[in-house]
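These notes are about the structure you will find just below.
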Amino acid sequence: MQNYSRTKVETNQKTGQTTIDGKEVGMRLWIGHVHMDFIEEKDIIIRASSEEDFKNRIHEMHENMARQKGFEPGYLAVDFAMPKEEFDVKG
């Protein structure tokens, strides 16, 4: 005669945690505090009166975009800034 042991399988409706005979099995909820940085590169065309004005406006735009998404503004680098007409001639 074979011995079949019965196991009690339960799933908590609130947490989704499964237990077998009172022992947690499978995936559990984990918590951790993390910092995530994302890099986005793109060419931006805006109206500005000078390179300094361009950089100031980009900095403000960067802060606004971060705030709208619920982020803290991070690192910002401007590789180059020039009037679009000059860029179009060089490109």
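According to the numbering used here, the sequence shown holds residues 26 to 116 in order. The C-beta atom is built at its ideal place from N, Cα and C for all residues, glycine as well. The structure presented is a predicted model; accordingly, all values stated were derived computationally and were not measured.
DSSP places residue 65 in the coil class of the three-state scheme, outside both helix and strand. One thing to note: residue 43 has its Cβ within 8 angstroms of the Cβ of residue 50.
Around the beta-carbon of residue 79, 16 or more other beta-carbon atoms lie within 10 Å, marking it buried. Contact between residue 109 and residue 70 holds: CB atoms are separated by about 6 angstroms, below the 8 angstroms threshold. Nearest C-alpha to residue 111 among 54, 52 and 76: 76. Apart from sequence neighbours up to five positions away, the residues of its chain that approach residue 106 with a beta-carbon distance below 6 angstroms are 76 and 79, ordered along the chain.
In the structure shown, residue 97 adopts coil according to DSSP, grouped into three states.
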